[in-house]
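Enquirer: Counting the sequence shown from 1 gives a position; the working numbering is that position plus 1151.
No residue lacks a Cβ here, since even glycine has one placed at the ideal position from N, Cα and C.
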Amino acid sequence: METYDSLLSRIEPAHGQASRTIFDPATGKPVGEAPIHTIDDLETAVAAAVAAQPAWAALGHDARSAALMKAADAVERSAEELAQLLSREQGKPLNGPNARFEVGACVAWLRATAALPLEPETMVDDGETRAELHYRPIGVVGAIGPWNWPMMIAVWQIAPALRMGNAVVVKPSQNTPLSVLALVAVINEELPEGLLAVLSSGREVGSRLTEHPAIGKLMFTGSTAAGRAIIKSSADTVKRLTMELGGNDAGIVLPDADPKAIAEDLFWGAFINTGQTCAALKRLYVHDSIYDAVCTELTNVAKAMPMGNGLDENNVLGPLQNKAQYNVVDELVEAAKASGARVLIGGNPDHEQPGFFYPTTLVADIDNDNPLVAEEQFGPALPIIRYTTVDEAVAKANALDVGLGASVWSSDLSAAREVAAKLEAGTVWINRHGAVDPRIPFGGAKQSGYGLEFGVEGLKALGVPQVING
Ligand code: TXE
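1. I'd like to confirm the pairing. Which residues does DSSP put opposite Asn1246 in its beta bridges?
2. Please state the DSSP three-state secondary structure of Pro1288.
3. Per DSSP, what are the beta-bridge partners of Ile1619 in this structure?
4. Excluding sequence positions up to five away, which residues of its chain have a Cβ less than 7 Å from the Cβ of Tyr1477?
5. Could you check what DSSP says for Leu1533 in three-state terms: helix, strand or coil?
6. Any idea if Gly1594 is buried or exposed, counting beta-carbon neighbours within 10 angstroms, 16 or more meaning buried?
7. Roughly how far, in whole angstroms, is the beta-carbon of Leu1555 from the beta-carbon of Leu1533, given that I think they are within contact range, below 8 Å?
8. Any chance the CB of Leu1603 is under 7 Å from a heavy atom of the ligand SAM?
9. Could you tell me whether any non-hydrogen atom of the ligand TXE is closer than 7 Å to the CB of Ile1381?
10. Could I get the ranges of all uninterrupted beta strand (DSSP E) runs contained in the region 1504-1533, with 3 residues as the minimum, in chain order?
11. Taking the continuous alpha helix (DSSP H) assigned at Thr1361, which residues delimit it?
12. Would you check if the distance between the CB atom of Asn1249 and the CB atom of Val1452 is smaller than 8 Å?
13. Do you know how far the Cα of Gln1241 is from the Cα of Arg1215?
14. Can you list the beta strand (DSSP E) stretches of 3 or more residues lying completely in the region 1413-1443, in chain order?
15. Mind checking which residues open and close the beta strand (DSSP E) that includes Trp1560?
16. When you compare the CB positions of Leu1350 and Val1319, do they come within less than 8 Å of one another, or not?
17. State yes or no: is the C-beta of Val1292 within less than 8 Å of the C-beta of Leu1613?
18. Around the C-beta of Pro1364, are 16 or more other C-beta atoms found within 10 angstroms, so that it is buried, or is it exposed?
19. Within the present structure, is the beta-carbon of Val1479 separated from the nearest heavy atom of the ligand TXE by less than 7 Å?
20. Using CA coordinates, which residue listed in Ala1312, Ala1515, Thr1375, Lys1573 is at the minimum distance from Lys1547?
21. Thinking just about the alpha-carbon of each residue, which of Glu1608, Val1587, Ile1403 is nearest to the one in Ala1544?
22. With DSSP as the reference, identify every bridge partner of Trp1307, one or two as the case may be.
23. Taking contact to mean at least 3 C-beta pairs separated by less than 8 Å, is the region 1558-1572 in contact with the region 1265-1277?
24. Go ahead and pull the three-state DSSP assignment for Val1319.
25. Going by other Cβ atoms of all chains shown within 10 Å of its Cβ, with 16 needed for buried, is Pro1410 buried or exposed?
26. Locate the beta strand (DSSP E) running through Glu1184, then write down its first and last residues.
27. In the DSSP output, what is Tyr1538 paired with across the bridge?
28. For the alpha helix (DSSP H) containing Glu1240, name the first residue and the last one.
29. With contact counted as at least three CB pairs below 8 Å, one residue from each stretch, are the region 1165-1179 and the region 1224-1243 in contact?
30. Judging by CA-CA distance, which residue of Trp1560, Pro1616, Phe1605, Asn1549 is the nearest neighbour of Ala1596?
31. Is Ala1525 near the ligand TXE, going by C-beta to nearest heavy atom under 7 Å?
32. With DSSP as the reference, label Ile1496 as helix, strand or coil.
33. So Val1226 and Val1258 are in contact, right, with Cβ under 8 Å, and what is the actual spacing, rounded?
34. Say whether chain C places a C-beta atom closer than 8 Å to the C-beta of Glu1240.
35. For Arg1171, which beta-bridge partners are listed by DSSP?
36. Taking a contact to mean a Cβ-Cβ separation below 8 Å, would you say Ala1414 touches Ala1421 in this structure?
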């Protein structure tokens, strides 16, 4: 008997009754059965969404916001069961900025999205011409998500879409379907039948969703490669797109930073969710004058952060979610070692132990073109690169074709802001990395994608602009 069994019992089977077992990445033990939805299930879900959407749109903002507030309460009531299931399926610990934190973020995002103001904007009103900008619902939105923050990212897509009067069909990652199936079952306690559906399936059903003529917009978070495929397959029906395609975020530590004071925030900027975070710090550039001190302080923090089974309340770092990602991290670190880079901690996985645990790894004295720097590791292995001039650090940070987030670390806020303005990234944080906020727009530069999420800008992205002129 598991704490989350009552949640699993609320997941409806696929029409064909087929299912597959999902396994715990920490232990290899079964977590539960996920339905295998087919194209037929997709068609049924889309038809129900099309039928339910007009009445939902007609309710207006206040009633829809009230329903989202109730959905937040429902998630809060089931928070501990949801966190237990998330921990078992994704691997992230209950404790630390992990499973309970993620469920809490779902509640916070639902409430904040419900509370955002969205009034028509008067563009011109000069006595002769009066023009207002409004946002109408799109219709049915498709939401395709990844396995790293499966519940939170689903809410990032679902909440603004519903608030704006749309129906939603969600396609979670095949690696973490149970978390999203359970979350949607809970949210659906407060929503009309058919408005919000979830399809647990692989890329075939996801792919059909991206070309379906009844889907007006796609919200996508995942890899750049999948993003490119989705952009192509959605072109024939000219879908609106919000693409969050991850990145390889740089952090620049300026010479006046205090290594001891910033070490813990640097650590969590890089290692939140055991490094499996789109806007995590993935390349750290440190000035030569404080390079050794930053390496020492970061190593001390890393040593103090326990990794292990997520159900153990002591642990704040967990396994990689899947073997493929474990292999990516392992290969990148092995290549770094072979190139002569210096491992400060970690880099010695025990391939025989159960679970996809890769030890917390810091790699120093590494070149900027090393694959551990140039490619997204998406795991607990941070390269630390030495620089001598700030211009050199900025050039290296901007050298890649992705630009989701970046950070600058300094005791001088105005100096940090000057450097921030030179970085090609959608968000630049100062003295922290990766902090997102439901009131503040978030999106990528370059091949990290396009379209803003969160805040009023995020709401507008889930509506069709309409000018009323006259
Ligand atoms: O992601 P994919 P994967 C990065 C990370 C990781 C890599 C691959 O580096 O190693 O991506 O992870 C669906 N039409 N990120 O393979 O393939 C798919 O079913 C429709 C960064 O898990 O991008 C899943 O639901 N759907 C990222 C979702 O897209 C398609 C978070 C993501 O799968 C599709 C996760 C298609 N053609 C991994 N192809 C971030 N931005 O944070 C795939 N999918």
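Expert: According to the structure data:
1. According to DSSP, Asn1246 bridges with nothing at all.
2. strand
3. Glu1283
4. Leu1471, Phe1507, Tyr1509
5. strand
6. buried
7. The pair is not a contact, with the Cβ atoms about 16 Å apart (cut-off 8 Å).
8. With respect to small molecules bound, the structure shown includes the ligand TXE and not the ligand SAM.
9. yes
10. 1512-1515
11. 1354-1362
12. no
13. 31 Å
14. 1432-1438
15. 1556-1560
16. no
17. yes
18. exposed
19. yes
20. Lys1573
21. Ile1403
22. For Trp1307, which the question treats as bridged, DSSP gives no partner whatsoever.
23. no
24. strand
25. buried
26. 1181-1186
27. His1438
28. 1230-1241
29. yes
30. Asn1549
31. no
32. strand
33. 5 Å
34. Chain labels in this structure do not include chain C; a single protein chain is all it has.
35. Ala1185
36. no
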